[in-house]
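J.: Sending over a structure as structure tokens; questions will come in a sec.
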Amino acid sequence: MLKKFITEPLVHFLLIAVLLFIIFKQLNVEETNPNTITVSQGRIEQIRQNFLARWDRAPLAKELENATLHYAINEMYIREARALNMDRGDKVIDRRLRQKIEFLIEDLVTTKEPSNTELMHFYQQHIDKYQTQPVLSFLQIHLSIDGNQDELQQKIAQQTQLIEQGKIPQGELKFLPYQISNKNSVQIDRLFGNSFSKKLMLAPLSSWFGPIESSHGVHFVLIEQRSPAANKAFDSIKSAVLMDWQYENLKVAKASFEERLLKSYTIEQEPAAEAE
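For the numbering used here, count along the sequence shown from 1 and bump the result up by 3.
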């Protein structure tokens with residue numbers, strides 16, 4: 004029962020909400036006095052790391068002092084702009100503020116590492132995403148759909164009769180290959196059009212079958228070899244499963260956060276102006 008409670012998405016959101024509140028308080032503790040710029044040791048270390056990342060060396064004492072002063076002056080500009088309400092109604096600032104919240108939620112979600120059991124359970128729940136493509140080898144003949152429907156039906160009947168007599172059907176156009184070898188469903192659909200490979204999965208092996216429609220016309224096919232889709236081994240795609248798990252949890256966290264916001268705010272809409 005406790006394990007189920009811990010894994011509930013709502014619990015994840017509540018934990019994220021608490022962390023967001025704590026981080027917000029920590030980030031804004033230095034703004035209690037609007038005329039005081041307090042540069043914490045954590046902020047100084049961040050400035051030091053930024054310098055190291057940019058110049059590939061640690062800053063000298065004077066360089067760190069100048070960088071810290073630059074940060075403080077930048078904060079002064081920001082506070083003066085806010086005091087003049089310059090941040091209000093600015094679409095760029097609005098968009099950036101939303102991005103910062105989204106990035107914060109993403110950081111909190113992606114730092115949570117699932118257990119191997121959780122990840123395996125996710126893999127099994129979404130097994131359709133972790134399968135190889137079916138691979139087929141087949142022969143095909145192509146009948147053009149140019150002309151009227153009666154002519155096409157006559158052509159189909161002629162090829163069907165040849166097949167019933169144990170003969171090879173005769174195609175018309177040669178721009179499509181007669182033999183297709185070891186192609187997966189994506190490659191086949193790229194050549195013949197969407198969903199053509201799915202129709203081939205229904206065809207019998209080693210005998211002519213058709214007609215099957217494609218984006219080019221109609222076809223008779225003979226499946227020489229067919230390897231169905233197979234599940235990829237969990238260990239070989241564990242990193243991809245982890246990324247998908249994090250993405251799904253991020254969607255849940257954002258949805259929960261927005262649901263909480265909708266409960267906390269009231270949305271009002273001004274009535275439309277009456278036409279004179």
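We treat Cβ as the ideally placed atom computed from N, Cα and C, and that holds for glycine. Since this is a predicted model, take the numbers as computed values, not measurements.
Which residues in the same chain as D192 place their Cβ atom closer than 8 Å to its Cβ, once the five residues preceding and following it in sequence are excluded?
T.: Excluding sequence neighbours, D192 sits near S198, F199, S200.
J.: Could you compute how far the alpha carbon of Y181 sits from the alpha carbon of A233?
T.: Looking at the two C-alpha atoms, the distance is approximately 27 Å.
J.: For S188, count neighbouring Cβ atoms within 10 angstroms of its own Cβ and tell me buried if that reaches 16, exposed if not.
T.: Buried, by the Cβ-count rule.
J.: DSSP has Q228 in a bridge; who is on the other side?
T.: Bridge partners of Q228: S140.
J.: Whose C-beta lies closer than 7 Å to the C-beta of K235 among residues of the same chain, with five residues either side of it excluded?
T.: Result list for K235: Y133, Q134, T135, in chain order.
J.: Just grab the DSSP bridge partners of I130 for me.
T.: According to DSSP, I130 bridges with nothing at all.
J.: Can you give me the C-alpha to C-alpha distance between E33 and S43, rounded to a whole angstrom?
T.: Residue confidence is low: E33 scores 45 on pLDDT, short of 50, so the model does not pin down where it sits. Its coordinate-derived value is still stated next. Rounded to whole angstroms, E33 to S43 spans 8 Å at the Cα level.
J.: Between which two residues does the beta strand (DSSP E) carrying S184 extend?
T.: 182-187 is the extent of the beta strand (DSSP E) around S184.
J.: Measuring alpha carbon to alpha carbon, tell me which of L179, E167, H129, K170 ends up nearest S218.
T.: Looking at the Cα atoms, L179 is the closest of the given residues.
J.: Just checking my contact of D247 with H129 at CB under 8 Å: how many whole Å lie between their CB atoms?
T.: Indeed they touch by this definition, with Cβ atoms about 7 Å apart.
J.: Do you know offhand how far D59's Cα is from T71's?
T.: Taking the straight line from one Cα to the other gives about 18 Å.
J.: Indicate the three-state DSSP secondary structure (helix, strand or coil) for N69 in the structure shown.
T.: Helix.
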